[in-house]
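The next block holds one structure in the form of structure tokens; read it before the comments.
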Amino acid sequence: MSIRYFVVNEQSSLTRYLRFFLFLLGAVMAIAGCATPSPRLQPSGLNTTFTVAEDAPFTTYLHKTREMMVKSRVDIHDDNREVVLKANMPFELRPDEGSYPKGKDGKYGKGILLIHGLSDSPYLLQPLARHLQKQGFFVRAVLLPGHGTVPGDLLNIRYQEWMRAVQYGIRGMKGEVKDLFLGGFSTGAALSVLESLKDKEIKGLILISPALAVKDSKVALAGMLSGFKDWIGDIQDDVDYVKYETFAVNAAYQIYLLTREIDALLEQGRRIEAPIFAALSREDMTIDPDRALFVLEKFAPSPRNVLVVYGKNPQMAGGVSGGNIYYENSSLADKKVLDFSHVSLPIPCDDRHYGDLGGYKSCLHYRNDQEKRRTCLMDDSIWRGEISRDNLKAYTVRRLTCNPKYDGMIEKLDQFLRLVTK
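Each position in the sequence shown, counted from 1, maps to that position plus 17 in the working numbering.
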């Protein structure tokens, strides 16, 4: 009798707790439902899947993408239309055929498909693309589904759709070039690694701030959280026209799933056989640089790999160690730079948007501190760097959005390309 009494009362308690939880959940959802989200925080309905046919010409892809952007973006008007579209669109750059003619098979000798990062756009890879074009590469860049329109389009995205866009790009490039390279920033670098593990025809990889693991270990829980919460942190103003400022919980979960697929293939014995050029910052607060270094050391055996590591530790500054590994000091007091952020590496500091004199200042971390936010936006004499806890505790910091050592990185990239394109 006592055992039965305990079970009945235990079930009653659980029932009461469950009812109370459901009541609270219902109340929260009801309150949330009363407020209509801004159009940019809702899916556009046009950019959650990759809808271009596998064999569609790249010109068709460009046309469909432009049409989708015009219909979906809420910030386009007559004065900024072409600037916004050009910054976010996929693109193609052909080398000078006088200097780099096609072969008898009608193909260019070398080409590269560039893949942008999470919440970004192809804009961040335009400087690299222009340089590679001058080096004789036929260059294309794709736009990953969920990007280039509104942040709401990442609420229901699946990383497999990103893979479909990349595979479309690869398929088209193979019809245009003899030797195909892949290049990517952050999530784009992870997608490049994944495809190279599956496609042994890839001749080389260029990986900038590769997202082979995410810094925040709680990202594994984002799948559960996305059912109750749409956004990570504060909803931002989204004034940056080439990158979403408001970040979807689901998007973080998708990059986690992408890295898990890479890990599974590595555990099965796959190796990154294509030679790699990689650049990363030890102070990166978005990706896990230690994991990236581990993967490159253990699973990428090519002797032609070149790695550039930026760090503010004096013991890692300058010089060369371990063959083609270059350690660069990222603490530049004369430039008021504390260290290099995740987003800074692919952008030269003369960039018109993210450069030293560019129009965009990254101060999202001061959303709830208006005084520091104002200082961050208006005072060009403050320190710049990664938005780490130590940096923010010591200084008012503007997040660094360009690479003060970009030219040196490109020089080392050219050394790598000479090694692998002989």
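Positions of the beta carbon are idealized from the N, C-alpha and C atoms, including for glycine. Given the structure is predicted, the values throughout are model-derived calculations rather than measurements.
What does the alpha-carbon distance come out to for the pair residue i and residue j?
i      : j      : result
Leu63  : Asp170 : 8 Å
Glu262 : Ala317 : 33 Å
Leu211 : Trp400 : 37 Å
Arg147 : Tyr125 : 16 Å
Met241 : Asp254 : 26 Å
Pro54  : Pro60  : 11 Å
Asn408 : Asp351 : 17 Å
Lys119 : Leu199 : 20 Å
Lys215 : Phe311 : 20 Å
Pro320 : Pro292 : 8 Å
Arg406 : Ala70  : 46 Å
Glu218 : Gln150 : 21 Å
Ala47  : Ser243 : Since pLDDT at Ala47 reaches only 44, below the 50 mark, its modelled position is unreliable, and the value read off the structure follows with that caveat. Near 17 Å, if we compare the C-alpha coordinates of Ser243 and Ala47.
Asp96  : Ala158 : 25 Å
Phe357 : Glu84  : 36 Å
Thr438 : Gln432 : 10 Å
Met436 : Lys429 : A small correction: the amino acid at residue 436 is Leu; Met does not occupy that position in the sequence shown. For Leu436 and Lys429, the distance between alpha carbons rounds to 11 Å.
Val233 : Lys121 : A quick correction: the sequence has Asp, not Val, at residue 233. Looking at the two C-alpha atoms, the distance is approximately 50 Å.
Gly115 : Leu349 : 42 Å
Ile289 : Thr77  : 32 Å
His382 : Pro421 : 22 Å
Pro227 : Val87  : 31 Å
Ala182 : Leu274 : 17 Å
Asp137 : Asp257 : 10 Å
Leu434 : Arg90  : 38 Å
Lys81  : Lys353 : 44 Å
Phe40  : Phe245 : Residue placement at Phe40 cannot be trusted, given a pLDDT of 49 that sits under 50; the coordinates are not used to answer.
Gln2   : His164 : As displayed, the chain neither begins before 18 nor continues past 439, which places residue 2 out of reach and without an answer.
Cys51  : Ala237 : No answer about Cys51 holds up, because its pLDDT of 46 lies below 50 and its placement is not dependable.
Leu145 : Val231 : 24 Å
Phe294 : Arg277 : 22 Å
Mind reading off the beta-carbon distance from residue i to residue j? Whole number of angstroms is fine, and I expect it under 8 Å.
i      : j      : result
Asp301 : His359 : 5 Å
Ile132 : Asn267 : At roughly 19 Å, the Cβ-Cβ gap does not stay under 8 Å, so Ile132 and Asn267 are not in contact.
Tyr344 : Val323 : Tyr344 to Val323, Cβ: 13 Å. No contact.
Tyr206 : Leu224 : It should be noted that the sequence gives Ala, not Tyr, for residue 206. That pair is a contact at about 4 Å.
Thr413 : Tyr371 : The pair is not a contact, with the Cβ atoms about 19 Å apart (cut-off 8 Å).
Gly153 : Tyr185 : Rounded, the Cβ-Cβ distance is 24 Å, inconsistent with contact.
Leu172 : Asp247 : 6 Å
Ala104 : Val259 : 5 Å
Leu282 : Met190 : About 22 Å; that fails the 8 Å criterion.
Gln285 : Tyr176 : That belief does not hold up - the Cβ atoms of Gln285 and Tyr176 are roughly 19 Å apart, past 8 Å.
Leu208 : Met180 : 7 Å
Ile279 : Leu229 : 7 Å
Ile404 : Arg391 : Contact doesn't hold; Cβ gap of about 17 Å is too wide.
Ser347 : Ser298 : 6 Å
Phe75  : Glu99  : Rounded, the Cβ-Cβ distance is 20 Å, inconsistent with contact.
What first and last residue would you give for the beta strand (DSSP E) that runs through residue i?
i      : result
Phe480 : Only positions 18 to 439 of the chain appear in this structure, which leaves residue 480 out of reach.
Leu242 : Counting along the chain, Leu242 falls outside any beta strand (DSSP E), though it belongs to the alpha helix (DSSP H) covering 239–242.
Pro344 : For the sequence presented, residue 344 should be read as Tyr rather than Pro. That run of the beta strand (DSSP E) goes 342–346.
Gly128 : 125–132
Gly221 : 219–225
Taking C-beta to C-beta, are residue i and residue j nearer than 8 Å?
i      : j      : result
Arg308 : Val167 : no
Gly123 : Val156 : no
Gly134 : Ser203 : yes
Gly375 : Asp368 : yes
Pro107 : Pro139 : yes
Leu355 : Lys389 : no
Pro162 : Phe264 : no
Ala296 : Met395 : no
Asp196 : Lys235 : no
Leu141 : Pro363 : yes
Asp373 : Cys380 : no
Lys378 : Cys393 : yes
Check for me: the alpha helix (DSSP H) holding residue i runs from which residue to which?
i      : result
Asn105 : 98–105
Tyr78  : 75–89
Ser116 : That residue, Ser116, is in no alpha helix (DSSP H); it is neither H nor E in DSSP.
Ser138 : That residue, Ser138, is in no alpha helix (DSSP H); it is neither H nor E in DSSP.
Arg147 : 143–151
Ala206 : 204–215
Output yes if chain D places a C-beta closer than 8 Å to the C-beta of residue i; else output no.
i      : result
Ala268 : No chain D appears in the structure shown, which is made up of a single protein chain.
Worksheet item: What are the start and end residues of each continuous alpha helix (DSSP H) run of 4 or more residues lying completely inside the segment 264–331, in chain order?
Response: 266–284, 306–316
Worksheet item: Can you give, in chain order, each stretch of the alpha helix (DSSP H) that sits fully within the segment 158–195 and has at least 4 residues?
Response: 176–191
Discussion item. For a minimum of 4 consecutive residues, which ranges assigned as the alpha helix (DSSP H) are wholly contained in the segment 349–422?
Written reply: 387–395, 406–411
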